[in-house]
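Per the UniProt record's numbering, numbering of the sequence shown is gapless, rising by one per residue and ending at 144. What follows is a set of notes on a single structure, which appears directly below.
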Amino acid sequence: RTPNRPDAVGTWTGLTPATTRADLARAAYEALLCSLADAVDRLVEETGEQPRRLLLVGGATRSAALRALAPAVLGRPVTLPPPGEYVALGAARQAAWALSGATEPPGWALPDLQVVEAEPTPHVRGAYADLRARTGAWTPTTPS
């Protein structure tokens, strides 16, 4: 996984007797998507460019729950290709482009793209940012 953070730690907070497995699963997906949203924000900060689209690929996109939550947490539509080995194919294409010496990437046609939209949920990212600020310095040896 990237980034490789072997010393990373995690926590569940706010659990009550009413917390369900579905609540825990949703929290995990929301945290994953908040992390992705932070990365998109950082790219925008560094480049000054807004992404033309967010293309979600990889194993997690097989989850209907993740596909439904993604546009809400990311605050923008997401594009989903049909199932395929896009991560491996993308790595191979990127390597071929790098080895070719071309200045522009070759085209990559994706058939049957689905665009998914949802009402943004900025409160989710706000809660994630607050929790990260309070726990970001924790290490495996930090007493609880």
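In this text, a Cβ means the ideal position worked out from N, Cα and C, and glycines have one as well.
Report the three-state DSSP secondary structure of residue i (helix, strand or coil).
| i | result |
| --- | --- |
| valine 57 | coil |
| valine 78 | strand |
| proline 6 | coil |
| glutamine 50 | coil |
| leucine 66 | helix |
| threonine 135 | helix |
| proline 17 | coil |
| proline 71 | helix |
What do you reckon, are the CB atoms on residue i and residue j nearer than 8 Å?
| i | j | result |
| --- | --- | --- |
| tyrosine 86 | valine 40 | no |
| threonine 121 | alanine 68 | no |
| leucine 74 | leucine 33 | yes |
| threonine 103 | threonine 11 | no |
| valine 115 | alanine 70 | no |
| tyrosine 128 | alanine 31 | yes |
| leucine 131 | threonine 13 | yes |
| proline 106 | arginine 93 | yes |
Going by DSSP, what residue range makes up the alpha helix (DSSP H) through residue i?
| i | result |
| --- | --- |
| glutamate 46 | 21-47 |
| serine 100 | 86-100 |
Taking residue i as the reference, give the member of the options with the closest Cα.
| i | options | result |
| --- | --- | --- |
| alanine 65 | Ala95, Ala118, Trp97 | Ala118 |
| glycine 90 | Ala109, Ala137, Val78, Thr61 | Ala109 |
| leucine 36 | Ala22, Thr103, Leu55 | Leu55 |
| leucine 113 | Ala31, Gly126, Val9, Pro83 | Pro83 |
| threonine 79 | Ala133, Val124, Thr61, Ala98 | Thr61 |
| arginine 53 | Arg132, Trp97, Pro81, Ala137 | Pro81 |
Task: Whole runs of the alpha helix (DSSP H) within the stretch 104-130, excluding any shorter than 4 residues - done: none
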